[in-house]
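Presented below is the structure to which this report refers.
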Amino acid sequence: MNAATLFGLCGAALVGIGLYGLITNPEPLRKILAFNLLGSGVFLLFGMIARRAAAAGLGGDPVPQAMVITAIVVAFAATAMAIALVQRLADETGRASISSDSSDAVDGEGKS
Amino acid sequence: MSIASVFDIALVALILAIGASTILVRTAFAAVVMFAVYGLLLSIAWVRLHAVDVALTEAAIGGGMTGLLLLGAVARSRSDDVDRVRVGYPVRLAAGGLCALVVAGLAIVVLHPPAAVPTLAPVVMENLPPSGLGNPVAGVLFVFRALDTLLEKVVVLLALLGVWSLAPDRAWGGTPGLQVYAKPDPPLIFLAQLLPPVGIVFGIYMCWVGAKDPGGAFQGGTVLAAMWLLVIVAGLQKAPAISRLWLRGLLIAGPMLFLAIGLAGWVFADAFLAYPEGYAKPLIVAVEATLTLSIAVALAMLAAGPPERAQQQ
Chain A
1 MNAATLFGLC GAALVGIGLY GLITNPEPLR KILAFNLLGS GVFLLFGMIA
51 RRAAAAGLGG DPVPQAMVIT AIVVAFAATA MAIALVQRLA DETGRASISS
101 DSSDAVDGEG KS
Chain B
1001 MSIASVFDIA LVALILAIGA STILVRTAFA AVVMFAVYGL LLSIAWVRLH
1051 AVDVALTEAA IGGGMTGLLL LGAVARSRSD DVDRVRVGYP VRLAAGGLCA
1101 LVVAGLAIVV LHPPAAVPTL APVVMENLPP SGLGNPVAGV LFVFRALDTL
1151 LEKVVVLLAL LGVWSLAPDR AWGGTPGLQV YAKPDPPLIF LAQLLPPVGI
1201 VFGIYMCWVG AKDPGGAFQG GTVLAAMWLL VIVAGLQKAP AISRLWLRGL
1251 LIAGPMLFLA IGLAGWVFAD AFLAYPEGYA KPLIVAVEAT LTLSIAVALA
1301 MLAAGPPERA QQQ
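In order, the protein sequences belong to chains A and B. Each residue of the first sequence is one higher than the one before, counting from 1 in the working numbering. Each residue of the second sequence is one higher than the one before, counting from 1001 in the working numbering.
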């Protein structure tokens, strides 16, 4: 197995880990974190594609690499926007969770 | 097994462990710290994939700036004393199973590459010399896919508009509340006096070498933004009110120049965002220099968040 495939598999696993966190964690901030993890997994898959397409004396295809650079900046902008939304939500409602049964949020362990 | 592959396997194991811990740790603060570490590890992975430009961006923006942003959010939220709400065991099991399916699907794609891997690298290298650039990634960003780069700047500005418009009415046009990060203490103030001269030179250098070697406007701008934030957090300088004209001017200067040169391309080079022959390199450097400033201001303001205090006149 070469390095590109290894990091490709790493990216695939990160997508799964991020997706799991996104689904199971009711705290919005943690959801944003998980989404960033998912995104970086997708970026790594792009890195694998770029590395496999190495040609013309380059270590990788520059087109997917440039796309990932753009994607990282856009992901940052989206994260900043999401965090601002979450904070405004917390300021308005006083709740730090978007779980459906809000009464359980204070008690700790929710029912589901 | 060579040393390089042992290193790669150890790196992947570490990335996966740290990545999983950002999901599994109990407090949001620990998760954010883990995420910053994760960003730095990931940038090493990008170096191993021979993508140094991406590695610099990931370390600066993916790890550093996003980490800073999330730390600020954790400091502002008052949820630390509330025990984390957990979803039930069956839901977690089902989610875990379905996520494993997604991973398996992706892994099958990874393990079965097409017989002939499509690549644009030869085309890029063939058409790079007329632009005068030496870095193929910068060539893609500013020559071949310049429209993507221009629109990305617009996206960053739109996100900033979105963040600003979430400010409460009384704080509109005021200053962002950066004081949540730290109470200025002597070591922080010392650091904020020591680092910026070095950081500013380094940021400008990164922008300048971006034409030839790994680096560029994004990475240089992020370093400049980090220096500015450091000075503000240490209390050496006040955060600017978002209604300041110079601030707004700097924000749009880069994208406006890029757009103007793009429109001029219709007159002088027959296409939107095409550069006249022989003038490509100076025009790109001018765009990159202005963009670096705009990106620095935009990223710093995005990380600073919506205004919280009304402007004091």
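We treat Cβ as the ideally placed atom computed from N, Cα and C, and that holds for glycine.
Going along chain B in order, which residues have a C-beta closer than 9 Å to the C-beta of residue 24(A)? One-based indexing of the first sequence puts residue 24(A) at position 24. Those are 1023, 1086, 1087, 1091, 1092, 1095, 1096, listed as they occur along chain B.
Apart from the five residues just before and just after residue 1081(B), which ones in its own chain have a Cβ nearer than 7 Å to its Cβ? Within the second sequence, numbered from 1, the residue matching residue 1081(B) stands at position 81. With a pLDDT of 47 at residue 1081(B), under the threshold of 50, the modelled position of this residue cannot be trusted; read the value that follows with caution. If we look at residue 1081(B) and ignore the five residues flanking it on each side, it has no Cβ neighbours.
Which listed residue (1088(B), 1058(B), 1168(B), 1061(B)) has its alpha carbon closest to that of residue 85(A): Start at 1 with the first residue of the first sequence, and residue 85(A) comes out as number 85. Of the candidates 1088(B), 1058(B), 1168(B), 1061(B), the one whose C-alpha sits nearest the C-alpha of residue 85(A) is 1168(B).
Own chain residues within Cβ distance below 7 Å of residue 1300(B), not counting five before or after: Taking the first residue of the second sequence as 1, we reach residue 1300(B) at position 300. The answer, listed in chain order, is 1225, 1228, 1229.
Chain B within 8 Å of residue 35(A), Cβ atoms only: Indexing the first sequence from 1 puts residue 35(A) at position 35. Under the Cβ criterion of 8 Å, residue 35(A) is not counted among the residues facing chain B.
Does the beta-carbon distance from residue 1166(B) to residue 33(A) come in below 8 Å? Within the second sequence, numbered from 1, the residue matching residue 1166(B) stands at position 166. Within the first sequence, numbered from 1, the residue matching residue 33(A) stands at position 33. No. Outside cutoff.
Considering just the uninterrupted stretch of the beta strand (DSSP E) at residue 88(A), what are its terminal residues? Taking the first residue of the first sequence as position 1, residue 88(A) is located at position 88. Where residue 88(A) is concerned, there is no enclosing beta strand (DSSP E), although the alpha helix (DSSP H) it sits in stretches over 62–93.
In the structure shown, what three-state DSSP assignment does residue 1152(B) receive? As a position in the second sequence, residue 1152(B) is number 152, starting the count at 1. It is helical.
Going by alpha carbons, who is nearest to residue 1040(B) out of 1145(B), 1076(B), 1061(B), 1118(B)? If you number the second sequence from 1, residue 1040(B) lands on position 40. Selected option, being the one with the closest Cα: 1061(B).
Please confirm if the region 1022–1031 of chain B is in contact with the region 21–31 of chain A, defined as three or more CB-CB distances below 8 Å between the two stretches. yes
Between the Cα of residue 1184(B) and those of 1237(B), 1277(B), 1284(B), 1138(B), spot the shortest distance and give me the residue it belongs to. The residue labelled residue 1184(B) in the question sits at position 184 within the second sequence. Nearest to residue 1184(B) by C-alpha distance, out of 1237(B), 1277(B), 1284(B), 1138(B), is 1237(B).
Could you confirm whether any beta carbon from chain A is found closer than 8 Å to the beta carbon of residue 1290(B)? Here residue 1290(B) is taken as the residue at index 290 of the second sequence, counted from 1. It does not: the Cβ of residue 1290(B) has no partner Cβ on chain A nearer than 8 Å.
Is any heavy atom of the ligand COA found at a distance shorter than 7 Å from the C-beta of residue 1188(B)? The model on display carries no ligand, and the ligand COA is accordingly not part of it.
Whose C-alpha, out of 1251(B), 1044(B), 1201(B), is nearest the C-alpha of residue 1007(B)? Sequence index remark: in the second sequence, residue 1007(B) carries index 7 (1-based). That would be 1044(B), whose Cα lies nearest to the Cα of residue 1007(B).
Contacts of residue 79(A) in chain B (Cβ-Cβ under 7 Å): Locating residue 79(A) in the first sequence gives position 79, counting from the first residue. Neighbours of residue 79(A) on chain B, chain order: 1066, 1069.
Have a look at residue 1206(B) and residue 1093(B) and give me their C-alpha separation to the nearest angstrom. Taking the second sequence and counting its residues from 1, one reaches residue 1206(B) at position 206. Taking the second sequence and counting its residues from 1, one reaches residue 1093(B) at position 93. Distance between the alpha carbons of residue 1206(B) and residue 1093(B): 47 Å.
State the DSSP-derived secondary structure class of residue 1027(B), mapped to helix, strand or coil. Stepping through the second sequence from its first residue, residue 1027(B) is reached at position 27. DSSP places residue 1027(B) in coil when its eight states are reduced to three.
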